[in-house]
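Participant:
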C-alpha cells in the first residue's frame with residue numbers, strides 16, 4: 001500500500017515544474033468562465049514512487065471534459081534582458097520565472113484516466129466545456145488514487161451565459177506560422193501524402209481552436225520551377241491546402257514571403273526571388289511580377305480576394321528599404337487591392353509600401369505616433385513578437401509567466417491594433433521535448449562549433465507540439481486562446497459601458513511592458529468582467 005502521496009490543484013496559468021510540491025496547490029479552486037469556452041485547472045501529484053499507477057475519476061455536472069498529461073520540456077538558458085538569451089548579452093534578466101536550466105510542464109498530451117509515474121511527480125490538466133443558459137455554479141470533484149489511497153481536489157466553476165463568439169472573419173486577426181515542410185519532418189511523412197495532409201489538418205484544427213483565424217502558407221509548396229527561372233503555380237496543390245483551411249474554420253490566408261534578402265545576408269540592400277534566387281533589382285523583377293499575376297488570377301477565379309494577405313520579404317530594415325519598396329510596388333501593380341503585410345523593422349523609410357504594418361510590440365509603442373498616423377491614412381496595424389522583445393515586455397517564451405500570453409488580448413484592446421503575428425508556430429529544428437534553445441543552422445550532430453550568437457530563446461520556435469496523431473497544444477497556446485477570448489468579452493463591454501471597460505482593463509494592463517502578473521487579480525478581474533456583462537445583458 002502506498003503510505004502517502006500529495007495532490008494539489010493549481011491555476012492553469014501557474015508555472016509547474018517536476019519538482020513543484022503539490023502542497024503548494026489547493027484542495028478547492030474556483031474560477032469563472034464564459035459560455036462557448038472552457039474551464040480548466042492543473043493537478044500536481046507529488047511524492048510518488050516511479051512505477052506507481054495513478055488513476056483519475058471525475059465527478060461533475062456533465063461528461064464534456066478531457067484530461068491531458070502535462071509533458072515537461074527543458075529551458076537550457078534564460079531569455080536575455082535585451083535580446084535572445086543571457087548567453088549573448090551576458091546581462092542578468094530579472095523578468096524570468098526561474099533560473100535556468102530547468103524543466104517546466106508545457107505540452108498537453110491526451111490521456112484517458114490512468115498514468116504510470118516515471119518519476120516522483122506528474123501533472124495533469126483538466127478541461128471542461130462550458131455552455132449554460134443562465135448563471136450556474138458547477139462543481140467538479142477529481143479523485144486521484146494510488147494503490148488503496150485516494151485523495152480529492154475540487155474545481156468550482158462560476159459558469160456564465162455570456163457567450164464568446166466563434167473564431168472567424170470578424171475576430172482579432174491572429175496567425176502563427178505553421179511550417180508545413182517541418183510538419184513532414186517532425187512526423188516522418190512525405191509532403192502531399194495522405195498522411196501529411198492529415199497532419200496538416202490536425203495543425204490547422206488546433207490553430208482554429210486556439211483562436212487563430214489566419215493560415216500561413218509557404219508559396220514554395222505550390223509554386224514549381226519547370227525550366228530555367230520559370231515558376232508556375234500548381235493550382236491543384238493550392239486548392240487542397242485551401243480546402244483544408246476551410247474545413248478547419250480559418251478565414252484569412254497569409255501567403256508567406258515570395259522573396260528574401262540577397263544571399264541570406266541580414267544587411268543586404270538587394271533581394272532575391274524564392275526558389276530561383278534571381279536578384280532584385282535585376283532579372284528577378286519579371287519573375288516576381290509573374291508570381292503575383294498567377295496568384296491574383298487564382299484569387300479572382302476562386303473569389304478569394306478579401307481573404308488573401310500577401311507578403312514580400314520578412315523584417316525589412318532601413319538598409320533594404322529601397323528594394324523593399326520596389327518589390328512591393330511590383331506586387332501591388334499585379335495584385336490590386338490585395339493587402340501587403342510583413343513584420344517590419346524599418347518604418348518611415350518604407351512608407352507607402354505596406355498596407356498592414358506589423359512592428360514588434362516594443363517598436364510599436366516606441367513609434368506609436370507614426371503608426372497612428374498610418375492608420376489615419378488608411379493603413380492597418382498588427383504587432384508581433386519573436387526572439388524579441390525580451391525583459392519586461394509581453395512575449396511567450398518558456399521562462400516567462402503564462403499570463404503574459406493572455407494579456408496580449410487585454411493590451412490589444414488599449415490600442416488600434418488589428419492582429420497578432422508570431423513566426424514560431426512549428427519551426428522546431430530539433431526534438432522539442434529534449435531541447436528548447438536552438439542555435440539556428442548549427443545543430444548538426446557532428447558540429448562542435450555552435451553559434452550562440454544565433455541561439456533562439458526557449459519557446460521561440462513553436463507552440464504546436466508534435467504527437468503521433470498530429471499537433472497537440474501547450475500552456476502558451478492555451479494562454480493565447482484565453483486572452484483572445486477575453487478580448488471578445490472586453491470589446492462587448494466596451495460597447496455597453498466604455499468607462500467601466502477601460503477601468504477593468506487598466507486594472508491588469510496599461511501597455512506591452514506595463515501589466516500585472518498576479519493570477520488572483522486576473523481571476524478577480526475576469527469574474528468582474530463576466531458578472532458585469534451578465535448583469536448588463538440581463539437588463540437588455
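In the UniProt record's numbering, the protein residues as written are 1 to 540.
Where is the CB? At the ideal position from N, CA and C, for every residue including glycine.
1. Let me check one thing: in DSSP terms, what residues is residue 216 bridge-paired to?
2. Closest to residue 507 by C-alpha separation, out of 272, 368, 525, would be which residue?
3. Pick out the complete alpha helix (DSSP H) segments inside the segment 64-94, 4 residues or longer, and give them in chain order.
4. Can you tell me the Cβ-Cβ gap for residue 67 and residue 103, rounded? I've got them flagged as a contact below 8 Å.
5. Hey, residue 199 and residue 175 are a contact pair by Cβ (cut 8 Å); roughly how many whole angstroms apart?
6. Quick check: the Cα distance between residue 503 and residue 433, rounded to an integer number of angstroms?
7. Sorted by chain position, which residues of the same chain lie with C-beta nearer than 6 Å to residue 273's C-beta, five sequence neighbours on each side aside?
8. Suppose only complete runs of 4+ residues qualify. What are the alpha helix (DSSP H) ranges in the segment 176-208, listed by chain order?
9. Whose C-alpha, out of 412, 463, 290, 499, is nearest the C-alpha of residue 179?
10. Under 8 Å Cβ to Cβ from residue 546, same chain only, skipping five residues before and after it: list those, please.
11. Is the beta carbon of residue 335 closer than 8 Å to that of residue 294?
12. Does DSSP put residue 373 in a helix, a strand or coil?
13. Around the C-beta of residue 359, are 16 or more other C-beta atoms found within 10 angstroms, so that it is buried, or is it exposed?
14. Quick one: is residue 172 near chain B, going by C-beta distance under 8 Å?
15. Quick one: give me the first and last residue of the alpha helix (DSSP H) that residue 528 is part of.
16. Looking at the structure shown, is residue 398 part of a helix, part of a strand, or coil, going by DSSP?
17. Determine whether the beta carbon atoms of residue 39 and residue 46 lie at a separation below 8 Å.
18. For residue 376 and residue 442, what's the separation of their Cα atoms in angstroms?
19. Under 8 Å between the Cβ atoms of residue 342 and residue 312?
20. Leaving out five residues before and five after residue 251 in sequence, what residues of the same chain have Cβ atoms less than 8 Å from its Cβ?
21. Report the residue from 500, 496, 512 whose alpha carbon sits nearest the alpha carbon of residue 538.
22. Taking Cβ to Cβ, would you say residue 13 is nearer than 8 Å to residue 142?
23. Can you tell me where the alpha helix (DSSP H) with residue 476 in it begins and where it stops?
24. Measuring straight from C-alpha to C-alpha, what distance separates residue 221 and residue 411?
25. For the candidate residues 257, 109, 124, whose alpha-carbon lies nearest to that of residue 56?
26. Is it buried or exposed, residue 498, if we count other Cβ atoms within 10 angstroms and call 16 or more buried?
27. Locate the alpha helix (DSSP H) running through residue 10, then write down its first and last residues.
28. The beta strand (DSSP E) spanning residue 42 covers which residue range?
29. Taking the continuous beta strand (DSSP E) assigned at residue 57, which residues delimit it?
30. Could you give the distance in angstroms between the alpha-carbon of residue 1 and the alpha-carbon of residue 118?
31. Report buried or exposed for residue 278, applying the criterion of at least 16 other Cβ atoms within 10 angstroms of its Cβ.
32. What is the rounded straight-line gap between the Cα of residue 190 and the Cα of residue 201?
33. Confirm, please, whether the CB-CB distance from residue 203 to residue 511 is below 8 Å.
34. Quick check: what's the CA-CA separation for residue 368 versus residue 318?
35. Tell me the rounded alpha-carbon separation between residue 65 and residue 456.
36. Just the C-alpha distance for residue 4 and residue 31, rounded to the nearest angstrom, thanks.
Facilitator: Checking against the coordinates, here is how it stands:
1. For the purposes of this step, residue 216 is identified with residue 216 of the chain shown, where counting begins at 1. Residue 216 is bridged to 254.
2. Here the question's residue 507 lines up with position 507 in the chain shown. Of the listed residues, the one whose Cα sits closest to residue 507 is 525.
3. 86-89
4. For the purposes of this step, residue 67 is taken as residue 67 along the chain shown, with counting starting at 1. For the purposes of this step, residue 103 is taken as residue 103 along the chain shown, with counting starting at 1. Rounded, the Cβ-Cβ distance is 21 Å, inconsistent with contact.
5. The count along the chain shown starts at 1 and reaches residue 199 at position 199. The count along the chain shown starts at 1 and reaches residue 175 at position 175. The Cβ separation is near 19 Å, so there is no contact.
6. Taking the first residue of the chain shown as position 1, residue 503 is located at position 503. Taking the first residue of the chain shown as position 1, residue 433 is located at position 433. Approximately 41 Å between the Cα atoms of the pair.
7. For the purposes of this step, residue 273 is taken as the residue at position 273 of the chain shown. 259, 284, 287, 288.
8. 180-186
9. The sequence position of residue 179 within the chain shown is 179, counting from 1. Answer by Cα proximity: 463.
10. As displayed, the chain neither begins before 1 nor continues past 540, which places residue 546 out of reach and without an answer.
11. For the purposes of this step, residue 294 is taken as residue 294 along the chain shown, with counting starting at 1. For the purposes of this step, residue 335 is taken as residue 335 along the chain shown, with counting starting at 1. No, these two residues do not count as a Cβ contact at 8 Å.
12. Numbered from its first residue, the chain shown carries residue 373 at position 373. Reduced to three states, the DSSP call for residue 373 is helix.
13. Here residue 359 corresponds to residue number 359 of the chain shown, with the count starting at 1. Buried, because 16 or more other Cβ atoms sit within 10 Å of the Cβ of residue 359.
14. Any reference to chain B falls outside this structure, which holds one protein chain only.
15. If you number the chain shown from 1, residue 528 lands on position 528. First-last of the alpha helix (DSSP H) with residue 528: 519-539.
16. Stepping through the chain shown from its first residue, residue 398 is reached at position 398. Residue 398: coil per DSSP, three-state reduction.
17. Translated into positions along the chain shown, residue 39 becomes position 39. Translated into positions along the chain shown, residue 46 becomes position 46. Cβ atoms of residue 39 and residue 46: not closer than 8 Å.
18. By 1-based counting over the chain shown, the position of residue 376 is 376. By 1-based counting over the chain shown, the position of residue 442 is 442. Rounded to the nearest angstrom, the gap between the Cα atoms of residue 376 and residue 442 is 45 Å.
19. The residue given as residue 342 occupies position 342 in the chain shown. The residue given as residue 312 occupies position 312 in the chain shown. Yes. Within cutoff.
20. Here residue 251 refers to the residue found at position 251 when the chain shown is read from its first residue. 168, 169, 213, 214, 307.
21. As a working note, residue 538 is residue 538 in the chain shown. Among 500, 496, 512, the Cα nearest to that of residue 538 is on 496.
22. For this step, residue 13 is matched to residue 13 along the chain shown. For this step, residue 142 is matched to residue 142 along the chain shown. Their beta carbons are not under 8 Å apart, which means residue 13 does not touch residue 142 by this criterion.
23. The residue given as residue 476 occupies position 476 in the chain shown. Where residue 476 is concerned, the enclosing alpha helix (DSSP H) stretches over 475-496.
24. Stepping through the chain shown from its first residue, residue 221 is reached at position 221. Stepping through the chain shown from its first residue, residue 411 is reached at position 411. So the alpha carbons of these two residues sit roughly 35 Å apart.
25. Taking the first residue of the chain shown as 1, we reach residue 56 at position 56. That would be 124, whose Cα lies nearest to the Cα of residue 56.
26. Position 498 of the chain shown holds residue 498. So residue 498 ends up on the exposed side.
27. Numbered from its first residue, the chain shown carries residue 10 at position 10. Looking at the DSSP string, residue 10 is not in any alpha helix (DSSP H); the run it does join, the beta strand (DSSP E), is 6-10.
28. Here residue 42 refers to the residue found at position 42 of the chain shown. Unbroken beta strand (DSSP E) run through residue 42: 37-46.
29. Within the chain shown, numbered from 1, the residue matching residue 57 stands at position 57. Run containing residue 57: 53-59, per the beta strand (DSSP E) assignment.
30. Counting from one through the chain shown, the residue named residue 1 turns up at place 1. Counting from one through the chain shown, the residue named residue 118 turns up at place 118. Unreliable placement is indicated for residue 1, whose pLDDT of 48 sits below 50; no coordinate value is reported for it.
31. Residue mapping note: residue 278 aligns to position 278 of the chain shown, counting from 1. Buried, because 16 or more other Cβ atoms sit within 10 Å of the Cβ of residue 278.
32. Looking up residue 190 in the chain shown gives position 190. Looking up residue 201 in the chain shown gives position 201. Between the alpha carbons of residue 190 and residue 201 lies a gap of roughly 15 Å.
33. Reading the chain shown from its first residue, position 511 is the one you call residue 511. Reading the chain shown from its first residue, position 203 is the one you call residue 203. The answer is no: Cβ separation not under 8 Å.
34. Start at 1 with the first residue of the chain shown, and residue 368 comes out as number 368. Start at 1 with the first residue of the chain shown, and residue 318 comes out as number 318. Whole-angstrom Cα-Cα distance: 18 Å.
35. Here residue 65 corresponds to residue number 65 of the chain shown, with the count starting at 1. Here residue 456 corresponds to residue number 456 of the chain shown, with the count starting at 1. Roughly 36 Å separates the two Cα atoms.
36. In the chain shown, residue 4 corresponds to position 4, counting from 1. In the chain shown, residue 31 corresponds to position 31, counting from 1. Their backbone Cα atoms lie some 28 Å apart in a straight line.
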